[in-house]
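Engineer: Protein chains in written order, with the working numbering: chain V, 1478 to 1795; chain X, 188 to 296.
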Amino acid sequence: MSDNVLRIALRLHPAGYRREMAAELATVFADSTAGAGRWATGRELLDLAAHGLRLRLGLGSAGALGRAAGLAAPFAAGTVAAGVAYTLSWSLWSRDANGYHLAHSLSFGGTDQYGAIVSVLAVLSALFGRWTAARLLAPVSVLVALWTFVSDETAYPPLHLTAYTATNFGPRLLWLLILLAAPRDLLGPRSWRGALQVGAGLVVGSVLFSETSGFWPVDFVRPVLEGPGFALVLFTAELTLLLLARSALQRGQYGPAGAALAGAPVLLLVLVLAAGQLWKDFLPTVLVMLGVVAAALLAARRLSPTVGTGGQRPPTAG
Amino acid sequence: MQEPTLLLLTALADAPRHGYALLQEVATISGGRVKMRTGTLYGALDRLLGQGLIHVVGEEIVDGRARRTYALTHSGREILTAEAERLRTVAAEAERRLSMPRLRGAYST
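1. Using only CA atoms, which one of V:N1645, V:R1723, V:L1654 lies nearest to S1687 of chain V?
2. Could you tell me which whole alpha helix (DSSP H) segments of length 4 or greater appear in the stretch 1491 to 1556 of chain V?
3. Is R220 of chain X close to chain V? Criterion is C-beta to C-beta, closer than 8 angstroms.
4. For chain V, check one thing: does any of its Cβ atoms lie closer than 8 angstroms to the Cβ of G245 of chain X?
5. Of all the alpha helix (DSSP H) runs that stay within the bounds of the stretch 202 to 256 of chain X, which reach a length of 4 or more residues?
6. Name the residue from V:Y1633, V:T1625, V:A1486, V:V1595 whose alpha carbon lies nearest to the alpha carbon of A1615 of chain V.
7. For D1480 of chain V, would you say it is in contact with chain X, using Cβ-to-Cβ distances shorter than 8 angstroms as the test?
8. On the three-state DSSP scale, how would you describe D1480 of chain V?
9. Take the Cβ of D1480 of chain V as the centre, count every other Cβ of all protein chains shown within 10 Å, and call the residue buried at 16 or more, exposed below.
10. Check for me: the alpha helix (DSSP H) holding A1610 of chain V runs from which residue to which?
11. When you compare each of X:I216, X:Y207, X:A214 to L1502 of chain V by their alpha carbons, which one comes out closest?
12. Which same chain residues, not among the five before or five after P1634 of chain V, have their C-beta less than 8 angstroms away from its C-beta?
13. Strictly under 8 angstroms for the Cβ-Cβ distance: is V1505 of chain V near chain X by that measure?
14. For the structure I just gave you, are there three or more beta carbon pairs, one from the stretch 1550 to 1567 of chain V and one from the stretch 250 to 262 of chain X, closer than 8 angstroms?
15. How many Å lie between A200 of chain X and T268 of chain X at the Cα?
16. From the DSSP output, in three-state form, read off L1650 of chain V for me.
17. In chain order, what residues of the same chain lie with their CB nearer than 7 angstroms to the CB of A1507 of chain V, ignoring the 5 residues before and after it?
18. Taking the Cβ atom as the reference point for each residue, do E1521 of chain V and T1504 of chain V lie within a distance shorter than 8 angstroms?
19. What three-state label does DSSP hand L1745 of chain V in the structure shown?
20. Of all the residues that make up the stretch 1530 to 1545 of chain V, which are near chain X by a beta-carbon distance shorter than 9 angstroms?
21. Distance, Cα to Cα, A1741 of chain V vs R234 of chain X?
22. Compile a chain-ordered list of the residues in the stretch 189 to 204 of chain X whose CB is closer than 7 angstroms to at least one CB of chain V.
23. Closest to F1552 of chain V by CA distance: which of V:L1654, V:A1772, V:L1767, V:L1764 is it?
24. Out of curiosity, what's the CA-to-CA distance linking G1535 of chain V and A1659 of chain V?
25. Can you confirm whether L274 of chain X, when its beta carbon is compared against all beta carbons of chain V, has any partner nearer than 8 angstroms?
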């Protein structure tokens, strides 16, 4: 199988890079997989294909965007898991006059429960630095959550359901893309720092998804901040990160860009939240939404010349 | 410095090496803990080349197979030296503290 698949994996690389490097990549691949089983060969092929795709998309580890994604990925792994956990737990609960209660029994075997198990495995893989496993499992868990979400909302008309699904899943899909986009060599093996970032993503994601969706099975943990005020706090924090990122990138520092990228899906979350509040708090909501649009335009203008090009930076040996 | 970067620079510290030799050296240096794959290796090499920490010192065809040899640049050697010094300082301090008698209630007032 590997000759044809290897050709496909090599074809995923940009033409110029392929002309220069394909023979060498094929040689190293052949040496690495000599005597290896199908599973090991498959993982090598996947890694090679991912390298080609990243280069084609401008996400190589030599570029600023790839390096920012490498810094943001552990946090994104946590938020993706939090998003899946939130969606799946949401399908288990319903609300009536007496408050929240379990909508159906927890007997084993539902799609949502398999999805929860995959999600737990994905986040555990990330915590232990097993990034290939984490990045294979996370999309599966998100797809299961998406399926569960869509299956539960069949009462909506198709257009409404599409919009509802897009707004609910937009931020978590962005975090999933960040996790998948990060170059493998920048993720490193297991470390306390990486594990803390995954944990931070779990905590922040849980708060964001719960608060912005207004679902709290346990009332006493409901945060004080909600509505446009909460949106404004999120927006201001993200805007600050984006502004810091540009000047830091010019000094060859990638930390603020990584933090800004990790927080970027929050902008979409804020937009969704503000849109939902439009009917009751018109003026503050419009101000927040204008702010979000201005921040997005500013970020696009300021970050695109530096982040998008993967330009040269002073050596920091990430 | 990320561990894969440190391992790659270390693998090149004593001699220039080609791609597959680098994969083997990284596995050896890390005691088998880090097994780099082809795509990951070349992602890292692209980055280190872009940063000017390594350079290509030879391209040859051996038994019909393309082989490029990589070596540390002066800048790469400096950064690796600085990182090794930093690690040595931390390790020495850790050993010094571990060799001291353990204090009871050091944090209590």
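From the three backbone atoms N, C-alpha and C, an ideal C-beta is built for every residue, glycine too.
Structural biologist: On the basis of the data shown:
1. V:N1645
2. 1492 to 1510, 1515 to 1533
3. yes
4. no
5. 206 to 216, 225 to 237
6. V:V1595
7. no
8. helix
9. exposed
10. 1608 to 1629
11. X:Y207
12. none
13. yes
14. no
15. 10 angstroms
16. helix
17. none
18. no
19. helix
20. R1531, L1532, G1537, S1538, A1539, G1540, G1543, R1544
21. 25 angstroms
22. Q189, E190, P191, T192
23. V:L1654
24. 11 angstroms
25. no
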